[in-house]
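Visitor: So for the sequence shown, numbering that gives the first Met the number 0 puts the first residue at 0; every next one is plus one.
Cβ atoms here follow ideal geometry from the backbone N, Cα and C, with glycine treated the same way.
What you are looking at is a predicted structure, and each value in this text was computed from that prediction instead of being measured.
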Amino acid sequence: MISIFRKKRQDLMEKNSLVKQADNTGKYLKYAIGEIALVVIGILIALSINNWNESRKDQLLEIDILKEIRNALKDDLKDAQDNLSVHREKLTSQNIVIDWMENDQHFADSLSLHFETIEYGTFFEFYEGPYKTLNQTGMRIIKNDSLRNQISKLYDQVYESYNVFNRAYSQRIDENKKLNPIYFNEWSNNEGKMEPLNSANLKLDNRYLYLLKSSKNFNSVLVSIKIPQVISEINTTMQMINNELEARN
0 MISIFRKKRQ
10 DLMEKNSLVK
20 QADNTGKYLK
30 YAIGEIALVV
40 IGILIALSIN
50 NWNESRKDQL
60 LEIDILKEIR
70 NALKDDLKDA
80 QDNLSVHREK
90 LTSQNIVIDW
100 MENDQHFADS
110 LSLHFETIEY
120 GTFFEFYEGP
130 YKTLNQTGMR
140 IIKNDSLRNQ
150 ISKLYDQVYE
160 SYNVFNRAYS
170 QRIDENKKLN
180 PIYFNEWSNN
190 EGKMEPLNSA
200 NLKLDNRYLY
210 LLKSSKNFNS
220 VLVSIKIPQV
230 ISEINTTMQM
240 INNELEARN
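(1) Going by C-alpha distance, which of Ile-240, Glu-243, Asn-248, Ser-231 is nearest Leu-76?
(2) Residues bridged to Phe-183 by DSSP?
(3) What does a CB cutoff of less than 6 Å around Val-85 pick up in its chain, not counting 5 residues either side in sequence?
(4) When DSSP labels each residue in this structure, what does Asn-102 get in the three-state scheme?
(5) By the three-class DSSP mapping on this structure, what secondary structure does Glu-127 have?
(6) Under the rule that 16 or more other beta-carbon atoms within 10 Å means buried, what is Asn-249, buried or exposed?
(7) When the Cα atoms are used, what is the spatial distance from Asn-242 to Pro-227?
(8) Excluding the five sequence neighbours on either side, which residues of its own chain have a C-beta within less than 7 Å of the C-beta of Asn-184, listed in chain order?
(9) Alpha carbon to alpha carbon, how far is Glu-159 from Ile-181?
(10) Does Phe-122 come out as helix, strand or coil in the three-state DSSP assignment?
(11) By Cβ distance, which residues of its chain are closer than 8 Å to Ile-64, with the 5 residues on each side in sequence left out?
(12) Contact check, Ile-150 vs Ile-68 under 8 Å by CB: the rounded distance?
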């Protein structure tokens, strides 16, 4: 009988031991899971803060680049407006000289200034530094798709088209100037000294008239289309930049 009680007692002790072990294991697992959860949460918070910091840096960089582009466009706009004024004057002089060459008119001293006016072209020296910075940084730094596309269009298409056309116009002027030593006494810079050595011979040279009309036709496109387009697109881009910067405030 005593041995039976002892055996029962031993069985109960073993069962209690197993229960305690199971209970301790459960507590340990809960603790371990809690620790892991805290570590994961900490990592996620750290990543979130880091991403926020990086995003903030990108936003500040984007704003700086947009401001630099806007400042550059102000100078580009003035250059384009000045060029438009000059080309309008040149177009007037070209028409006057062509009219004189095609009609029976005597040479007047006022024509000297018009001959000089048609002798030079213009340069569109746009400041591309900020746009180069944007390309090096990555165009995607500008989050507004419409603004990003507008800036690319302005620099890569509108400016490029203007410069290509302007270079072609200047080439025709240069071809005209090759005939100057034959027909003119001297070339001066808007001093009214460019007079034909022989007006009759100049009028008979179809090469000079052909090149003059060609350059005039190119100039007409610059005055009526190319330069106004540049001015319009610059104004549009600047307004879009202003809107974007105001939205960030």
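Guide: According to the structure data:
(1) Counted from its first residue, the sequence shown places residue 76 at position 77. Out of Ile-240, Glu-243, Asn-248, Ser-231, Ser-231 has the C-alpha closest to the C-alpha of Leu-76.
(2) Translated into positions along the sequence shown, residue 183 becomes position 184. Bridge partners of Phe-183: Pro-195.
(3) By 1-based counting over the sequence shown, the position of residue 85 is 86. Taken in chain order, the residues that qualify are Thr-121.
(4) The residue labelled residue 102 in the question sits at position 103 within the sequence shown. Coil.
(5) Position 128 of the sequence shown, counted from the first residue, corresponds to residue 127. Note: Glu-127 maps to coil in three-state DSSP.
(6) The structure shown does not extend to residue 249, since the chain spans only 0 to 248, so no value can be given for it.
(7) As a position in the sequence shown, residue 242 is number 243, starting the count at 1. As a position in the sequence shown, residue 227 is number 228, starting the count at 1. Each residue's Cα considered, the two are about 23 Å apart.
(8) One-based indexing of the sequence shown puts residue 184 at position 185. Once the five neighbours on either side are set aside, the close Cβ partners of Asn-184 are Glu-194, Leu-196.
(9) As a position in the sequence shown, residue 159 is number 160, starting the count at 1. As a position in the sequence shown, residue 181 is number 182, starting the count at 1. In a straight line, the C-alpha of Glu-159 is about 35 Å away from that of Ile-181.
(10) Along the sequence shown, read from residue 1 onward, the residue named residue 122 stands at position 123. In this structure, Phe-122 counts as coil in the three-state DSSP scheme.
(11) Numbered from its first residue, the sequence shown carries residue 64 at position 65. Within the same chain, Ile-64 has close Cβ partners Pro-129, Thr-132, Leu-133, Thr-136, Ile-140, Ile-141.
(12) The count along the sequence shown starts at 1 and reaches residue 150 at position 151. The count along the sequence shown starts at 1 and reaches residue 68 at position 69. Right, the Cβ-Cβ distance comes to about 7 Å (below 8 Å), so this counts as a contact.
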